[in-house]
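In our numbering, the protein residues as written are -13 to 205.
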């Protein structure tokens, strides 16, 4: 067990690019929603860089601040398409299932805090037989403010009945690092997303790992 995680009572994970890759589905949904607004498609690389942001912010990044007034319409189109394709296109990253299972069996409290809708995470975990390993899931639809606000992390620890100081949050983005700092929670960065190690150097990071599988290395 990685020492940055071993001392915690609970381990909370971001979802996209931390535990799983649903970038294919997100790209389809983003471009579907952009097209319904009359906008040209964005590149897969540009969309990947928005993963982890809430959808309102993602639209402004991809299309510009002048589209702020169309955010709710964009969101509706994205959600409708996501209902069709998102879970089917989600693939758990190497080592993710092993880490969740090992932490659960070792008595750690395990949770997910994400800017995805909660039911999409639940459905992906259920599909792969992992749902029982995760005690709490907090999605974008569960909190008034998405990450980098600390709301989701604080709701998760409140649900678990423990303090933020007893937890470590594992994530792949600067948004995750900012949320952990705001919540007063230890943070472990993984480089399985689009954020480089240099970005995490500006935060109080316990460890920087290549991927989630390094939390519990294979023997």
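Even for Gly, the Cβ is constructed at its ideal location relative to N, Cα and C. Being a predicted model, the structure only gives us computed values, none of them experimental.
- Given a length threshold of 3 residues, each whole run of the beta strand (DSSP E) inside the stretch 59 to 101 is given here in chain order: 95 to 99.
- A residue is called buried once 16 or more other Cβ atoms fall within 10 Å of its Cβ, and residue 9 is buried on that count.
- The three-state reading of DSSP puts residue 157 in strand, counting E and B together.
- The beta carbon of residue 99 sits closer than 6 Å to those of -2, 124, 138, 139 and 142, all from its chain and outside the five residues before and after it, given in chain order.
- Residue 187 is classed as exposed because its beta carbon has fewer than 16 other beta carbons within 10 Å across all chains shown.
- Of all alpha-carbon atoms in 31, 83, 57 and 117, the one lying nearest the alpha-carbon of residue 203 is that of 83.
- Listed in chain order, the non-local C-beta contacts of residue 68 below 6 Å within the same chain comprise 15, local neighbours out to five positions each way being set aside.
- Take residue 81, set aside five residues on each side of it, and the residues of its chain with a beta-carbon closer than 7 Å to its own are 197, 198 and 199, in chain order.
- By the CB criterion at 8 Å, residue 20 and residue 48 fall inside the cutoff.
- Residue burial is scored here from C-beta neighbours: residue 7 has at least 16 other C-beta atoms within 10 angstroms and is therefore classed as buried.
- In the assembly as shown, residue -8 is an exposed residue. Its beta-carbon has fewer than 16 other beta-carbons within 10 Å.
- Contact fails between the stretch 109 to 128 and the stretch 150 to 164, because fewer than three Cβ pairs, one in each stretch, are under 8 Å apart.
- Non-local beta-carbon contacts of residue 36 in its own chain, meaning distances under 8 Å to residues more than five positions away in sequence, involve 16, 43, 44, 47 and 48 in chain order.
- Put simply, the backbone Cα of residue 104 is about 23 Å away from that of residue 167.
- Straight through space, the alpha carbons of residue 74 and residue 165 are spaced by roughly 28 Å.
- The beta carbon of residue 64 sits closer than 8 Å to those of 15, 16, 18, 19 and 41, all from its chain and outside the five residues before and after it, given in chain order.
- DSSP places residue 23 outside any alpha helix (DSSP H), giving it a letter other than H or E.
- A Cβ-Cβ distance of about 11 Å is found for the pair residue 86 and residue 121, leaving them out of contact under the 8 Å criterion.
- Just measuring C-alpha positions, the residue of 189, 190, 181 and 185 sitting nearest residue 4 is 181.
- Distance from the Cα of residue 1 is smallest, within the candidate group 77, 89 and 115, for 77.
- Exposure of residue 31 is indicated by the presence of fewer than 16 other C-beta atoms within 10 angstroms of its C-beta.
- Under the DSSP assignment, residue -10 falls outside any beta strand (DSSP E), being part of the alpha helix (DSSP H) whose first and last residues are -11 to -8.
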